[in-house]
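Undergrad:
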Amino acid sequence: MGYAVWLPFPFLLLVAVRLPGTTSFTPSLDSDFTFTLPAGQKECFYQPMPQKASLEIEYQVLDGAGLDIDFHLASPNGKTLVFEQRKSDGVH
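Given below as structure tokens:
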């Protein structure tokens, strides 16, 4: 089980994913990565998660034509959870 993220514009993106534990005393899993997305392309990432865990995704466009992207977050069954157009950053 995981979430999918599609990012369809050319840009350099910094993504930070925080997967907190199920209680406030459980250590969290933090992960950051930066990638380049060619013009007109989509990129999809999956993050496996334990049941009842929470997920925070933060993104920021660092370089590119308009410094903005479309961001789509979907559940494992394909249901859209977040869809943003022409944003330069976001936290979900």
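Under mature numbering (1 follows the signal peptide of the UniProt record, and there is no 0), the residues of the sequence shown are numbered -24 to -1, 1 to 68, in order.
Cβ atoms here follow ideal geometry from the backbone N, Cα and C, with glycine treated the same way.
Flag Asp65 as yes if its beta-carbon sits less than 8 Å from any beta-carbon of chain C, otherwise no.
TA: No chain C is part of this structure, which consists of one protein chain only.
Undergrad: For Phe(-14), which three-state DSSP category applies?
TA: Residue numbering aside, residue -14 sits at position 11 when the sequence shown is read from its first letter. Only weak support is given to the placement of Phe(-14): the predicted model assigns it a pLDDT of 47, under 50, and the value that follows is read from those uncertain coordinates. Residue state, collapsed to three classes: strand.
Undergrad: Throw me the rounded Cβ distance for the Arg62 and Asp39 pair, which I believe falls under 8 Å.
TA: Along the sequence shown, read from residue 1 onward, the residue named residue 62 stands at position 86. Along the sequence shown, read from residue 1 onward, the residue named residue 39 stands at position 63. Wrong, their Cβ atoms sit about 16 Å apart, outside the cutoff.
Undergrad: Relative to the C-alpha of Gln23, which candidate in Leu43, Asp6, Phe59, Thr12 has its C-alpha closest?
TA: Taking the sequence shown and counting its residues from 1, one reaches residue 23 at position 47. Of the candidates Leu43, Asp6, Phe59, Thr12, the one whose C-alpha sits nearest the C-alpha of Gln23 is Asp6.
Undergrad: On a Cα-Cα basis, can you pick out the residue from Gly66, Ala50, Asp44 that is closest to Gly16?
TA: Along the sequence shown, one-based indexing puts residue 16 at 40. The residue with the shortest Cα to Cα distance from Gly16 is Asp44.
Undergrad: Whose C-beta lies closer than 6 Å to the C-beta of Val58 among residues of the same chain, with five residues either side of it excluded?
TA: In the sequence shown, the residue the question calls residue 58 occupies position 82. Result list for Val58: Leu49, His68, in chain order.
Undergrad: Does Asp44 come out as helix, strand or coil in the three-state DSSP assignment?
TA: For the purposes of this step, residue 44 is taken as residue 68 along the sequence shown, with counting starting at 1. Note: Asp44 maps to coil in three-state DSSP.
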